[in-house]
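Asker:
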Amino acid sequence: MTPDDRPLPRAETELTIPFHDIDMMQVAWHGHYVRYLEIARCTLLDAIDYNYPQMSESGFAWPVIDLRLRYAAPAVFAQRIAIEARLSEWEHRLKIDYTIRDAETRRRLTRAWSVQVAVGLDDREMRLASPPALVERLLAWQEANH
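Note that the numbering used here numbers the sequence shown so that position 92 is 146, with each residue one more than the last.
1. Thinking just about the alpha-carbon of each residue, which of H146, R147, W144, W167 is nearest to the one in T153?
2. Return the first residue and the last residue of the alpha helix (DSSP H) that Q196 is part of.
3. Starting from D100, trace the beta strand (DSSP E) in both directions and tell me its first and last residue.
4. Specify, as a first and last residue, the run of the alpha helix (DSSP H) that Y106 falls within.
5. What are the boundary residues of the beta strand (DSSP E) that includes I135?
6. Kindly confirm or deny that the segment 126 to 133 and the segment 155 to 171 touch, where touching means at least three C-beta pairs closer than 8 Å.
7. Please report the distance separating the alpha-carbon of E138 from that of I71.
8. Output the distance between the C-alpha atoms of I150 and L193, rounded to the nearest integer angstrom.
9. Can you tell me which of the three DSSP states F114 falls into?
10. Do W144 and L62 have their beta-carbon atoms positioned less than 8 Å apart in this structure?
11. Per DSSP, L69 forms a beta bridge with which residues?
12. Terminal residues of the continuous beta strand (DSSP E) containing I154?
13. From what residue to what residue does the beta strand (DSSP E) around R162 run?
14. Grouping DSSP H, G and I as helix and E and B as strand, with all else coil, what is D75?
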């Protein structure tokens, strides 16, 4: 059995833009958005019990090989933002789609996606298919949530 035709996990987390993240124009510096995505990604991975410690225990690293961001509106100092992470592909890679919104108005600020691939810790070789440990956790999440 595979997670093919079932809903895939999504998770949302909120944070407040801190003073040290803003630039001279009083908006969150674009480079900090990668950290915001990582926070949401870890929340999503925790939901399926396959965050970085579990990845390592299963014998794999999952480096990010591609990352795209599209900024629609700036985040500003003290603004509360909501970052949603949605797993959109799992079979040969992990592709996670993100939407960053103002937490109160739900106005979209940013869209993004990241791609990670499984790499064996023992041989440092990229795998062409997701390892069974991920598939098992996705199936368990789907059984528990639908």
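Cβ atoms here follow ideal geometry from the backbone N, Cα and C, with glycine treated the same way.
Answerer: To lay it out plainly:
1. W167
2. 186 to 199
3. Counting along the chain, D100 falls outside any beta strand (DSSP E), though it belongs to the alpha helix (DSSP H) covering 87 to 101.
4. 106 to 111
5. 134 to 143
6. yes
7. 16 Å
8. 17 Å
9. strand
10. yes
11. I135
12. 148 to 156
13. 162 to 170
14. helix
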